[in-house]
Amino acid sequence: MIQLEEVCSSIDRACHDCGRDPSSASLRAVSKTHPYELVLEAYDQGQRLFGENRVQEVEAKFPPLAGRPDGMHLSLIGHLQRNKVRKAVQLFNRIDSVDSIPLMDALEKELAREDRVMEVLFELNSSHEEAKTGFPDDDSFFDAVGHLSSCPHLKLRGLMTVGPLGGDEEAVRSAFAHVKELYDKLNADGWKLDVLSMGMSGDYPIALSQGATELRIGSAIFGARDYSK
Ligand SMILES: *Cc1c(COP(=O)(O)O)cnc(C)c1O
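Anchor point for the sequence shown: position 65 equals 48 in this note's numbering, and the numbering is continuous, going up by one each time.
Structure representation (structure tokens):
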């Protein structure tokens, strides 16, 4: 049994708590390590946005893009290696984890070859933990924004971040607030970004209070992940 309804009600409550209209936040269900049957169960309950973090897992688990149910939208939310770019653009509707100029160039080259435009998010390493992916600082992020003029096949929809793990609420809040500032800055500069993807099972109420428009929630919906298989 998945806990989709419960999570949706609790998102609604968290929205009310911080004075937001629940329709201003969408839920992306993160199905990594869980079977496709559970993805379909969520789909049958009305869920449309899904996230997975590994190209190989999606290749083995999901039908090809054209064979998926109507309106199902799958984002790659994990680190993308350049040698998996060709597969990734076949398997995902959006790449939410773009985090380097070489990766932008690899995506641009592949998409130009196929004459396709793809939506992407830029991922920020907002917690500055070394193990994390994402642009490491504001300078590298702004360089990448500038580099978009050389990537006509990439359409930037917004930003993504994983907050610091470990439970210090204030650290989480300030990391999310910083990414929201960057998002607002780009929009003030004329970008029309409309996706701010932040907040996971453990910290989504904080993300909502800091302006997230998309939450990525896995374990609260599908249960704990078993990596032993
Ligand atoms: C796994 C994952 C999530 C979901 O995490 P939960 O804590 O299970 O909600 C969200 N974002 C990213 C990038 C992930 O890898």
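Glycine residues also receive a C-beta, built at the ideal position from the N, C-alpha and C atoms. Small disclaimer: the values here were computed from a predicted structure and weren't measured.
What would DSSP say about residue i, mapped onto helix, strand or coil?
i	result
G129	helix
S180	strand
M87	helix
F124	helix
F45	coil
F159	helix
C134	coil
H(-1)	helix
G50	helix
S211	coil
Q73	helix
I204	helix
H(-15)	According to the sequence displayed, residue -15 carries Ile and not His. Looking at I(-15) - three-state DSSP - the assignment turns out to be coil, as it is neither helix nor strand.
Quick check: what's the CA-CA separation for residue i versus residue j?
i	j	result
A114	E24	33 Å
D151	A49	42 Å
T144	A195	10 Å
M(-16)	L198	21 Å
S7	E93	33 Å
N66	M87	13 Å
I189	F75	28 Å
P18	G34	13 Å
F105	Q73	19 Å
D122	V100	26 Å
S(-7)	R156	19 Å
D27	L21	10 Å
L131	S109	21 Å
V41	G61	12 Å
G29	E112	36 Å
G206	D98	40 Å
R140	R96	22 Å
A158	R11	20 Å
L32	Y210	23 Å
P5	H56	20 Å
C(-2)	S192	8 Å
For ligand 1, I want to know if residue i counts as a neighbour, meaning its beta carbon is within less than 7 Å of at least one of the ligand's heavy atoms.
i	result
S271	In the structure as shown, the chain begins at -16 and stops at 212. Residue 271 is therefore absent and cannot be evaluated.
K15	yes
V155	no
V145	yes
G201	yes
G173	no
G61	yes
Measuring from the CB of residue i, is there a heavy atom of ligand 2 at a distance below 7 Å?
i	result
N36	Ligand 2 is not part of this structure, which contains only ligand 1.
Going by DSSP, name the residue or residues bridged to residue i.
i	result
F33	A12, L57
V81	F105
G141	L104, V178
L198	L10
F118	L107
Judging by CA-CA distance, which residue of the options is the nearest neighbour of residue i?
i	options	result
S133	L107, F118, I84, F159	I84
A89	R(-4), Q64, M55	Q64
W166	L107, V13, A71, E40	Rather than Trp, the amino acid found at residue 166 in this sequence is Tyr. Of the candidates L107, V13, A71, E40, the one whose C-alpha sits nearest the C-alpha of Y166 is L107.
W174	V128, S184, M181, A158	V128
L137	V81, D172, G182, E164	V81
D186	K168, N170, A154	A154
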